[in-house]
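Protein chains in written order, with my numbering: chain A, 15 to 460; chain B, 690 to 1045.
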């Protein structure tokens, strides 16, 4: 037997899902090699038989039959053969002339079908969501955006552990410098391994690790992805990740959805205003409570100040401790409801939110008003788009709260200024995070 | 990339931040009647200096004034850039000290002054460390948040006015020699100089900045006239910050807040912080040009530290006023010399370029 086959068998000897079948095509003996876990063997054999029967009927030569089966590239090295078997390909070895064919067999169904989005809700928009399979995802984008300007570049990154990454952009609208920069990064870091997005963003693309805001805006929705392509953004797909990474991420992504445009304009504006208000309320409300209660009660009308003081009567510690304490409880509730099975989630929310809150008020541990502020903040927090953005917002409100406890209303302003300054300073390869994707400059690009 | 509207917005809000504190008091103190004359005169001088400066900058092309003076010769650089750096430094000190003082008076009576001044320096330093383009983007965000607040309270400040206080419209020209009138030029001198430093990083068009300057005229006029029309000249002249006092008289029944002045003040402070970050950054540029061995990053940390130390060393409000007055000579020198020299040096270099 050929050396190469021997070597392959040795390499796969510890894998029980490896198969090696003897067969004969047009009178010459062949060996079929592959992985049972990736190839559905019975239908594969059936289809090979069909090919074979057709070949006998039409009296074609062995060489022509090889071409029918798949690519017969003599120059392919042992490493590529190994990789293609791992990738789910069928390796057919012809013993007579020591040649081989790598064939695309019938794969096992290891991908889920296209479903509705799980982490994002769509109001009046396309309902299909990205899946784990990178080809399906690119296909979904192609379906959504049927244009001859759409460009797809696929890269396989990692030597020890290979991962497919696809870069999709709209030629003529995307910033070509940006795309060249990404391609260069891919080429430079071709051998590194991608295990997760943190590594992907740091090792492959070279973005800073300690950034509160991700350089990618993640979306599950082909409609949003296509919209960002039209706006000149770049999509990155990583195989086995049911998300499109829209890069560069921008601030306005947190407030604007493309499916908003399926509503009449005034309704769209209303929705977006609500989101902006939600973000502002999340940042300001807790800080305002702390500032008004503990530092600047004189800013309020006297009636209001009195009623606030009344709700706090009997609370034994300063407002900052009170609010941090309750926020920790809320954070725990949110995290727990993520972890728990869907059936128990609502129970926890009820126990945590209503019973605990009410009990805490009745035990005079926290004030009534704080519970209202807390609920309002938590709800407002969820109005903005994207889990990551909402998480970043959730964390940044603490900056405001702490500063407010020291400097009162001025502290709120300082917190907001710091946040503005931080957002203003973010860039991805020179493209600012706070920027309007404007049509005029898009036209000049490319 | 063209960032005209960012620059225009920045110009607008930086001036808004400067106008409402000292300016009304100075103008009201400078004359008995016909206040619009000193305001318009100051504004016209400001506009003239600005357009001369811009003309010079655009003749010079896509570069900053440090390069202009350096090219003209070391002597020019020392003659113009050194006073400019000192002026920016002094402006930082006065702004930080004044605004911290006002803040402690108005709302933070129990917070120590050093803590307030510290935050007033830390935040602009943070902005400046992030770079000039980042300052402008931050400016846009802050402007979008705070300009509506300013406009809202500004429009409500007309609540208690009596238009008869406008008269007499014509006053004497004696204000020209009043120290307080000369001090009022602080508003005009500080804000426009940063335009000369941003050019290679942030490109802009002349027209936008001029429009932003013209849009400021109503604010200049009404910042003085609102306290005048609310209290009358004789009462208004007794206040240190007449506009802020007149805002304290406003009551908006449906608002749950008693003292809306606080919110106006906060917006103004946020604009002042942008002004500070621009000034710190410009000072850093000048010092860096003088001593290139010092790294910009270290300079941006050490200049605020110096400002902070000086601020701590100023014992009282009367000393700030004195400092402000000493600054006046430098201010007029800067306001006249920088635009003029920029204009002449730039046109000279342009002529040379054409000849060669």
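For every residue, glycine included, the Cβ atom is placed at its ideal position computed from N, Cα and C. This one's a predicted model, so the numbers in the text were calculated from it and none came from an experiment.
For residue 995 of chain B, same chain residues with a beta-carbon under 8 Å away, outside a window of 5 residues either side, are 778 in chain order. Along the stretch 340-373 of chain A, the alpha helix (DSSP H) occurs as fully enclosed runs of 4 or more residues at 359-363, listed in sequence order. At a cut-off of 8 Å between beta-carbon atoms, residue 446 of chain A makes contact with chain B. Taking 9 Å as the Cβ-Cβ cut-off, the stretch 421-447 of chain A approaches chain B at 421, 422, 423, 424, 425, 426, 427, 428, 430, 431, 432, 433, 434, 435, 436, 437, 438, 439, 440, 441, 446 and 447, given in chain order.
Around the CB of residue 334 of chain A, 16 or more other CB atoms lie within 10 Å, so the residue is classed as buried. In this chain, the beta strand (DSSP E) harbouring residue 258 of chain A covers 258-261. Under the three-state reduction of DSSP, residue 908 of chain B is assigned to helix. In its chain, beyond the 5 residues on either side, 888, 889 and 892 have a beta carbon closer than 8 Å to the beta carbon of residue 751 of chain B.
The beta-bridge partner set that DSSP reports for residue 289 of chain A is empty. The contact set of residue 316 of chain A on chain B, defined by CB atoms closer than 9 Å, consists of 947 in chain order. When rounded, the separation of the alpha-carbon atoms in residue 273 of chain A and residue 387 of chain A is 31 Å. Close to residue 827 of chain B, with beta-carbon spacing below 7 Å, are these residues of chain A in chain order: 434, 435 and 438. At a cut-off of 8 Å between C-beta atoms, residue 310 of chain A counts as an interface residue with respect to chain B.
Assigned with DSSP and collapsed to three states, residue 398 of chain A falls in coil, not helix or strand. Residue 256 of chain A has its alpha-carbon roughly 22 Å from the corresponding atom of residue 197 of chain A. Using a Cβ distance threshold of 8 Å, residue 864 of chain B and residue 720 of chain B count as a contacting pair.
Take residue 166 of chain A, set aside five residues on each side of it, and the residues of its chain with a beta-carbon closer than 7 Å to its own are 152, 180 and 182, in chain order. Per DSSP, the unbroken alpha helix (DSSP H) holding residue 241 of chain A starts and ends at 236-244. Legend: CB atoms of the stretch 779-796 of chain B lying less than 9 Å from CB atoms of chain A belong to residues 792 and 796. For residue 184 of chain A, the enclosing beta strand (DSSP E) starts and ends at 177-184. A direct Cα-to-Cα measurement between residue 953 of chain B and residue 937 of chain B gives close to 10 Å. For the 8 Å CB-CB criterion, residue 875 of chain B and residue 1020 of chain B form a contact. Apart from sequence neighbours up to five positions away, the residues of its chain that approach residue 988 of chain B with a beta-carbon distance below 7 Å are 973, 976 and 977, ordered along the chain. Under the rule that a run must span 4 or more residues, the alpha helix (DSSP H) segments found entirely inside the stretch 380-428 of chain A read 382-395 and 401-421. The beta carbon of residue 1042 of chain B sits no closer than 8 Å to any beta carbon of chain A. Per DSSP, the beta-bridge partners of residue 107 of chain A are A:45 and A:114. The continuous alpha helix (DSSP H) containing residue 704 of chain B extends over residues 693-719. Nearest C-alpha to residue 125 of chain A among A:202, A:52, A:365 and A:383: A:52.
Per the C-alpha coordinates, the member of A:337, A:23 and A:382 positioned closest to residue 418 of chain A is A:337.
Distance from the CA of residue 285 of chain A to the CA of residue 449 of chain A, rounded to the nearest whole angstrom, comes to 20 Å. DSSP places residue 171 of chain A inside the beta strand (DSSP E), whose first and last residues are 164-171. Setting aside the 5 residues that flank it on each side, residue 741 of chain B is surrounded in the same chain by 1028 and 1032, each with a C-beta closer than 6 Å to its C-beta; the list follows chain order.
Below the 8 Å Cβ cutoff, chain A contributes 428, 431, 432 and 435 as neighbours of residue 812 of chain B, in chain order.
For residue 249 of chain A, the enclosing beta strand (DSSP E) covers residues 248-252. Separation of the CB atoms of residue 340 of chain A and residue 384 of chain A is rounded to 6 Å, and the pair is thereby assigned contact status at 8 Å. Residue 947 of chain B sits buried, since 16 or more C-beta atoms from the chains shown fall within 10 Å of its C-beta.
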